[in-house]
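In what follows, a single structure is set out as structure tokens and then discussed.
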Amino acid sequence: MNSTALWYATRASGLMALVLLTITMVLGLTTTTRARARNWPGFAQQEIHRRISMLAVVFLGLHVLTSVLDTYVNIGWVSVVVPFTSHYSSFWVGIGAVALDLMLAVFVTSLLRSRMRPSTWRAVHWLAYLSWPVALAHSYGMGTDSSESWVIALGVACTLAVVAALVWRVGAAGRQWEARRAHASVNEAPPKHLALTPMRDRSGARRV
Amino acid sequence: MIRIVIDPVACDAYGYCAELLPEAITLDEWGYPIVDGAPLPADLVEVARRAARDCPRRAIALRERKGGSS
Amino acid sequence: MLAVSSVSETRPTTCRYRLLGHPTDLAGHVETLGPVPLPGARDRDWREAFVSGLEASGLSGRGGAGFPAAIKLAVTHAGGRGGTVVVNAMEGEPASDKDKLLLIRSPHLVLDGAQLLAAAGEARRIVVCVPEESEHAAAAVSAAIAERAGTSHSPISEVLVRPPDRYVAGEESALAEWLASGRSLPTFRPDKGTPLRIGRRPALVHNAETLAHVAMLARTGPAAFRAHGVVEDPGTCLVTISGSVEHPGVVEIDRGTPLLDVASRATPLGRPQALLVGGYGGAWVGPAHFTTPYASLSLRAVGATAGVGIVVVLGPETCGLTETARVVHYLAGQSAGQCGPCVYGLPAIADDLARLARGQVDPSLQARLDRRVRQVDGRGACRHPDGAASLVRSALAVFADDLRDHLRGTPCAHWDRTTVLRFPAPRPLARA
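Protein chains in written order, with the numbering used here: chain W, -5 to 202; chain U, -16 to 53; chain G, 38 to 469.
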């Protein structure tokens, strides 16, 4: 296949994967328990989050395939998954491999979710938080289109979206923590009007 | 008779189950699911299985239980 | 001094079945009651005979749940050998002293019961759980274990442990969980047909008093046990009586004794306004039902439960609604923190009750209270919220006259004076 065509395909699918990954992150970050409005379709949101993440993986696959098949640059299959082993631009391809490994871990564990302990799945899923900035770094570090203004704008938009979602998530978690703490106040002594004088306190005799 | 059983320790009030099965599950004022323990009508069993599979905390189980009080 | 009565008064019997009043030391215990009837080396029929004796007795747990002892043994034994028998003396109910007293006065009876169940269930160790705060009971158990160690009275090893003292720490799955992982958290058990486990081995958790009964009726035979009590709830039990009484303490009664008769043993100061039966997770009983027998079905018929053997007498000078508000505040703070309806529901109910006590009412309070009580009932992993729900429901029924006044914003004259209830000091909660 024409090397230039492959090259365009690699860049296009890569950017597409980044955008889809960003949307996945935003949908994931804004999933919370109890903190959302009662009529918000949380289940639907989770479903869309899942499907978009699968779409991101498809584009990631295309991105990897086209870059390996492209004979103009030397990127072997191994360096797709093993970071920093590529002959071409080993550092930035390596960063890409790191992002891919992380995404793969999240993807595979999610497919096998029902077969593992929920805490294991959740721990691996947190790796997603790492995969997004690494993917972003890879996109810009590779350098090919980084000076194009629309590409820069895309990067800024993605970053703003994730940051906004993150801020919201932290706020929601804080609100939830506050709500729980309000209820924990019952651990303290009862309200003043309920702190009554015990009648004929024989507690000394009763302590056994 | 298939009934929905919710593990209250695992449940974290995501509310997806109530979204999928409003006929059988309602949420209390704090967002936690209320099930009445009655057997599920046959047409809801498939959706209930979906809800059980997709609960983020795996807090829903479908139990086969003989009729009468549990 | 604790008032202790060890003679049951209802029915004259030739067989002296009682838990208290025996010698405390091992030698005296063996001399008076005989050695614990454990199986001999080649005794093949022993287990079958023991199990059928336990079944015939109809003994049910004295720790609050009232589950039949024979069934629990069968379920746990089916879960495998080499398990643990756990002596539950946690006694989380603040109004109860019977288990601590039993360990101080008749520790060998409790330990004998554990040995018998361990032999029947092929367990390999016995763990006695006495809370951190109970120094006297712990000392008594230590001494008793030391007396028996290495003798034929304790073929299976006995060890004392001291879990932290919280209301739910005595719930049997929370206790098993503490032994397994160090955290007193109840587990969700929809199916009581599978045994509790510590690690992979089964655990048989029994209230200390239940074990004392096992040891007694193994010696006297089930007929002597059934000679007391009533058909649906046989035998005797220990009841802690407190509140507006002259002689608070622990008494030994026949199951089925009318409530007021039980309360009379402690000499109430004046005519009781109500009786709190079964514990803080139990229910109030009003004067209309003071003749109700202290037995499981009879109490259930009047909206109460036998629970743990507890009767708190509420005299005329205290407000039942305020007392209930205090209890629910306490119960809310004792939640293990695992289940939403309990974590959020109990404090909400406590809040509403506090306002009700004060007469600081809004028009939706009663409906809200009713709804919340209905919503927390049965929706936790353990029965903690159920107990609170039953207490509140009974309070609203028994103190209906006061309720009317409080709802009108005019609480009864003595609502903020004295209390007959006591609570342990508040302490931080080991969160889930």
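For glycine and all other residues, C-beta sits at the position ideal for the given N, C-alpha and C. Bear in mind that the values here come from a model prediction, so they are computed numbers and not experimental data.
Limits of the beta strand (DSSP E) - the one that residue i falls within
i              : result
W34 (chain W)  : Segment: none, W34 (chain W) is in no beta strand (DSSP E) and carries neither H nor E.
R32 (chain U)  : Premise fails: R32 (chain U) lies in the alpha helix (DSSP H), 28 to 37, not in any beta strand (DSSP E).
T9 (chain U)   : 8 to 10
D291 (chain G) : 286 to 291
E195 (chain G) : 194 to 198
I235 (chain G) : 233 to 235
A320 (chain G) : 320 to 322
Cβ of residue i within 8 Å of any chain U Cβ
i              : result
F225 (chain G) : yes
S108 (chain W) : yes
P384 (chain G) : no
C356 (chain G) : no
G36 (chain W)  : yes
T18 (chain W)  : no
Y381 (chain G) : yes
P378 (chain G) : yes
T24 (chain W)  : no
T27 (chain W)  : yes
Q375 (chain G) : yes
Residue-level contact to chain G via CB, residue i, 8 Å cutoff
i                : result
I(-15) (chain U) : no
I43 (chain U)    : no
D11 (chain U)    : yes
H187 (chain W)   : yes
I8 (chain U)     : no
P184 (chain W)   : yes
Span of the alpha helix (DSSP H) around residue i
i              : result
L383 (chain G) : 377 to 395
D136 (chain G) : 135 to 142
H243 (chain G) : Taken as a continuous stretch (DSSP letters only), H243 (chain G) belongs to no alpha helix (DSSP H), being part of the beta strand (DSSP E) at 238 to 244.
C482 (chain G) : Only positions 38 to 469 of chain G appear in the structure, and residue 482 (chain G) is not among them; the question remains open.
I182 (chain G) : 172 to 185
P422 (chain G) : 421 to 435
P127 (chain W) : 121 to 135
S84 (chain W)  : 84 to 105
C166 (chain G) : C166 (chain G) -> not in any alpha helix (DSSP H); beta strand (DSSP E) instead, spanning 162 to 166.
W215 (chain G) : 209 to 218
V112 (chain G) : 106 to 115
Burial state of residue i (16 or more Cβ within 10 Å)
i                : result
I163 (chain G)   : buried
N125 (chain G)   : buried
M(-16) (chain U) : exposed
S197 (chain W)   : Residue confidence for S197 (chain W) is low, a pLDDT of 40 falling below 50, so the modelled location carries little weight; the figure read from the coordinates is stated next. It counts as exposed.
S194 (chain G)   : exposed
D407 (chain G)   : exposed
E209 (chain G)   : buried
E68 (chain G)    : exposed
L56 (chain G)    : buried
L106 (chain W)   : exposed
V72 (chain W)    : exposed
F85 (chain W)    : exposed
Residue i Cβ short of 7 Å to the ligand GDP heavy atom set
i             : result
G70 (chain W) : Among the ligands in the structure shown, none appear at all, so the ligand GDP cannot be discussed.
Nearest-angstrom beta carbon gap, residue j and residue i [assumed within contact, 8 Å]
i              : j              : result
R256 (chain G) : G71 (chain G)  : 6 Å
D270 (chain G) : A341 (chain G) : Their Cβ separation, rounded to whole angstroms, is 13 Å, which puts D270 (chain G) and A341 (chain G) out of contact at 8 Å.
L296 (chain G) : V267 (chain G) : Between V267 (chain G) and L296 (chain G) the Cβ distance is about 14 Å, and since that is not below 8 Å, they are no contact.
V128 (chain W) : A99 (chain W)  : Contact doesn't hold; Cβ gap of about 12 Å is too wide.
S143 (chain G) : L254 (chain G) : Going by Cβ atoms, the distance from S143 (chain G) to L254 (chain G) rounds to 14 Å, so no, they are not a contact pair.
L23 (chain U)  : A35 (chain U)  : Rounded, the Cβ-Cβ distance is 11 Å, inconsistent with contact.
A394 (chain G) : Y54 (chain G)  : With a Cβ gap of about 44 Å, A394 (chain G) and Y54 (chain G) do not count as contacting.
S281 (chain G) : P324 (chain G) : Actually they do not touch by this definition, with Cβ atoms about 14 Å apart.
Min CB distance residue i to chain W below 8 Å
i              : result
H366 (chain G) : yes
D453 (chain G) : yes
R302 (chain G) : no
R32 (chain U)  : no
E2 (chain U)   : yes
A213 (chain G) : no
R46 (chain U)  : no
T359 (chain G) : yes
A362 (chain G) : yes
In the stretch -15 to -1 of chain U, which residues sit with their C-beta less than 9 Å from some C-beta in chain G, listed in chain order?
-> So the close ones are V(-12), I(-11), D(-10), P(-9), V(-8), A(-7), C(-6), D(-5), A(-4).
Name the residues in the stretch 392 to 409 of chain G whose C-beta lies less than 7 Å from a C-beta of chain W; which are they?
-> Listed in chain order, the positions of the stretch 392 to 409 of chain G with a beta carbon within less than 7 Å of a beta carbon of chain W are A394, R395.
Residues in the stretch 411 to 439 of chain G having any Cβ partner in chain U nearer than 8 Å = The residues in question are Q412, R416, G417, A418.
Below 7 Å between beta carbons is the criterion; list the residues of the stretch 146 to 160 of chain G that meet it against any residue of chain W, in chain order.
-> Here the close residues number zero.
Taking a Cβ distance cut-off of 9 Å, strictly less, list which residues of the stretch 73 to 84 of chain W are near chain U, in chain order.
-> Flagged: no residues at all.
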